[in-house]
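Sequence lines, in order, name chains A and B. Under the working numbering, the letters of the first sequence match residues 1 to 193, in that order. Under the working numbering, the letters of the second sequence match residues 1001 to 1193, in that order. Here the structure is laid out as structure tokens; the discussion comes afterwards.
Protein chains: 2
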Amino acid sequence: MSPENLADPSWARVDGGAHDRTIEENWLFTLRKERFRSRTSGLAHDFFVIHLADAVHAIAITTEGEVLFVRQFRAASGRDSLEIPGGLVDPHEDPLVAGARELLEETGYAGDPPELIGTLWSNPSIVTSRTTTIVIRNARKVAEPKLDHTEELTVEKVPMHDVLGLVRSGKVDHALVVAGILWWLAAEGSPRG
Amino acid sequence: MSPENLADPSWARVDGGAHDRTIEENWLFTLRKERFRSRTSGLAHDFFVIHLADAVHAIAITTEGEVLFVRQFRAASGRDSLEIPGGLVDPHEDPLVAGARELLEETGYAGDPPELIGTLWSNPSIVTSRTTTIVIRNARKVAEPKLDHTEELTVEKVPMHDVLGLVRSGKVDHALVVAGILWWLAAEGSPRG
Chain A
1 MSPENLADPS WARVDGGAHD RTIEENWLFT LRKERFRSRT SGLAHDFFVI
51 HLADAVHAIA ITTEGEVLFV RQFRAASGRD SLEIPGGLVD PHEDPLVAGA
101 RELLEETGYA GDPPELIGTL WSNPSIVTSR TTTIVIRNAR KVAEPKLDHT
151 EELTVEKVPM HDVLGLVRSG KVDHALVVAG ILWWLAAEGS PRG
Chain B
1001 MSPENLADPS WARVDGGAHD RTIEENWLFT LRKERFRSRT SGLAHDFFVI
1051 HLADAVHAIA ITTEGEVLFV RQFRAASGRD SLEIPGGLVD PHEDPLVAGA
1101 RELLEETGYA GDPPELIGTL WSNPSIVTSR TTTIVIRNAR KVAEPKLDHT
1151 EELTVEKVPM HDVLGLVRSG KVDHALVVAG ILWWLAAEGS PRG
């Protein structure tokens, strides 16, 4: 986070949250209405806020120079989506540890210690979740995937130099995955295909 | 969308949505629980789906070669966020028209006819919204900003060659904005700073 982002926000919580209201609470998220007041205008406004766990996803590069993808159904698009492996970070879990864990569970692959690419707010206007992107090099298959009972996914391996093409052609069209891939490519500075 | 993405999804709606349930409905979104059944396992599962309008944001490049940014408060991060101008697409509105409209409302700038960079699912596991990224060149100030009464934002101009640095340094940390910027830079093929 940069100094500007850490500076005092231009709106502040009102009365320590006394006017806030929980609309829905379930195993996945809590939906709330939270009141803030503008430091500029003095005006108060209730914002919808979805409290959702942070997420992590991994660019896993095999010893053969391929990147691991998983294809799985996504209910809100109603389609199968080509993504890099990932999932939710458990409470108090290090995102790098979570990323290696999700990679192993979803694909059966493990590799070098994870390297951090960066962390972004997934959609800070409405969701509290942040998404961390990591790179795991020298990934090799060490186990069978271990999926939750509603998780069905297929693993696909894509040569590193073809990854940008997946974005350009619209084959990868999940914005958080695209942000992670392009950030990795910008950091790597090379395999632009 | 690629052919793979348009292929039959691996899960299908159950009984035409007869088991679905609306949890919350407001001016911004509808939160529902929707039942799908796996074509592979036959297992049914209820997924949370947030029906939210599509969004658009604009890379607006001024006649001086600067990109327009807006800084505004985001309730779910509790911070001010540096973003490119944008907003929700109205029902039946062309995203390119919506992007030019949002640019004008938020900054008072207008420019050449919008060019499409692409459209991504914002977070297809839980939100129906897609985000379209457009480019508007030769932007110049033609009016005063026209903001909603809870919209408070400041406009900042950043030389085109410094935009990648804003992502690398974490000064721009909204994932959808990062996806749009990096996709534009990959398409443009040049101003990498």
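Note that the Cβ used here is the ideal one computed from N, Cα and C, for glycine as well.
Measure the alpha-carbon distance for residue i versus residue j and round it to whole angstroms.
{"i": "Glu34/A", "j": "Ala139/A", "result": "43 angstroms"}
{"i": "Arg192/A", "j": "Val1155/B", "result": "With a pLDDT of 41 at Arg192/A, under the threshold of 50, the modelled position of that residue is not reliable, and the figure given next carries that caveat. Roughly 32 angstroms separates the two Cα atoms."}
{"i": "Gly93/A", "j": "Phe47/A", "result": "A small correction: the amino acid at residue 93/A is Glu; Gly does not occupy that position in the sequence shown. Taking the straight line joining both Cα atoms gives about 28 angstroms."}
{"i": "Thr1133/B", "j": "Ser122/A", "result": "16 angstroms"}
{"i": "His1051/B", "j": "Glu1064/B", "result": "39 angstroms"}
{"i": "Glu188/A", "j": "Pro1159/B", "result": "23 angstroms"}
{"i": "Thr119/A", "j": "Val1177/B", "result": "13 angstroms"}
{"i": "Asn1026/B", "j": "Asp54/A", "result": "25 angstroms"}
{"i": "Ala60/A", "j": "Leu104/A", "result": "10 angstroms"}
{"i": "Gly99/A", "j": "Glu106/A", "result": "10 angstroms"}
{"i": "Arg1074/B", "j": "Ile1136/B", "result": "25 angstroms"}
{"i": "Val56/A", "j": "Ile117/A", "result": "11 angstroms"}
{"i": "Glu115/A", "j": "Ile126/A", "result": "28 angstroms"}
{"i": "Ala1012/B", "j": "Glu1144/B", "result": "48 angstroms"}
{"i": "Leu96/A", "j": "His1161/B", "result": "31 angstroms"}
{"i": "Asp20/A", "j": "Leu1185/B", "result": "41 angstroms"}
{"i": "Val1070/B", "j": "Ser38/A", "result": "17 angstroms"}
{"i": "Ala18/A", "j": "Ser1169/B", "result": "36 angstroms"}
{"i": "Glu1151/B", "j": "Gly108/A", "result": "47 angstroms"}
{"i": "Gly180/A", "j": "Val67/A", "result": "13 angstroms"}
{"i": "Lys1171/B", "j": "Thr1131/B", "result": "21 angstroms"}
{"i": "Gly1165/B", "j": "Leu1043/B", "result": "47 angstroms"}
{"i": "Ile23/A", "j": "Val1089/B", "result": "26 angstroms"}
{"i": "Pro9/A", "j": "Val1163/B", "result": "23 angstroms"}
{"i": "Gln72/A", "j": "Asp80/A", "result": "5 angstroms"}
{"i": "Ile84/A", "j": "Glu102/A", "result": "10 angstroms"}
{"i": "Asp148/A", "j": "Gly1078/B", "result": "33 angstroms"}
{"i": "Val14/A", "j": "Gly111/A", "result": "47 angstroms"}
{"i": "Lys157/A", "j": "Val167/A", "result": "15 angstroms"}
{"i": "Phe1029/B", "j": "Phe36/A", "result": "20 angstroms"}
{"i": "Val49/A", "j": "Leu1153/B", "result": "20 angstroms"}
{"i": "Lys146/A", "j": "His1045/B", "result": "19 angstroms"}
Three-state secondary structure (DSSP) at residue i?
{"i": "Gly189/A", "result": "coil"}
{"i": "His45/A", "result": "strand"}
{"i": "Ala1060/B", "result": "strand"}
{"i": "Val1163/B", "result": "helix"}
{"i": "Leu1052/B", "result": "strand"}
{"i": "Glu93/A", "result": "coil"}
{"i": "Val1127/B", "result": "strand"}
{"i": "Ala175/A", "result": "helix"}
{"i": "Ala1100/B", "result": "helix"}
Just list the residues that DSSP pairs residue i with in beta bridges.
{"i": "Thr1154/B", "result": "Arg1071/B"}
{"i": "Glu195/A", "result": "An answer regarding residue 195/A cannot be provided, because it is not within the stretch 1 to 193 covered by chain A."}
{"i": "Trp1011/B", "result": "Ser1038/B"}
{"i": "Gly86/A", "result": "His57/A"}
{"i": "Ile23/A", "result": "Its beta-bridge partners do not exist; DSSP assigns none."}
{"i": "Asp1148/B", "result": "Answer by DSSP bridge pairing: none, since Asp1148/B is not bridged."}
{"i": "Trp183/A", "result": "The partner list for Trp183/A (beta bridge, DSSP) is empty, contrary to what the question assumes."}
{"i": "Thr107/A", "result": "Thr107/A pairs with nothing; no bridge assigned."}
{"i": "Ser1081/B", "result": "Gln1072/B"}
{"i": "Arg32/A", "result": "Thr22/A and Val49/A"}
{"i": "Arg140/A", "result": "Ala110/A"}
Is it buried or exposed for residue i, if we count other Cβ within 10 angstroms and need 16 for buried?
{"i": "Leu1182/B", "result": "buried"}
{"i": "Asn1032/B", "result": "Here the sequence assigns Arg to residue 1032/B, which means Asn is not the residue at that position. So Arg1032/B counts as buried."}
{"i": "Ala1175/B", "result": "buried"}
{"i": "Thr1040/B", "result": "exposed"}
{"i": "Met1/A", "result": "With a pLDDT of 47 at Met1/A, under the threshold of 50, the modelled position of this residue cannot be trusted, and the question is left open."}
{"i": "Pro113/A", "result": "exposed"}
{"i": "Val1142/B", "result": "exposed"}
{"i": "Asp1173/B", "result": "buried"}
{"i": "Thr128/A", "result": "buried"}
{"i": "Thr1062/B", "result": "buried"}
{"i": "Leu82/A", "result": "buried"}
{"i": "Gly87/A", "result": "buried"}
{"i": "Gly16/A", "result": "exposed"}
{"i": "Pro1091/B", "result": "exposed"}
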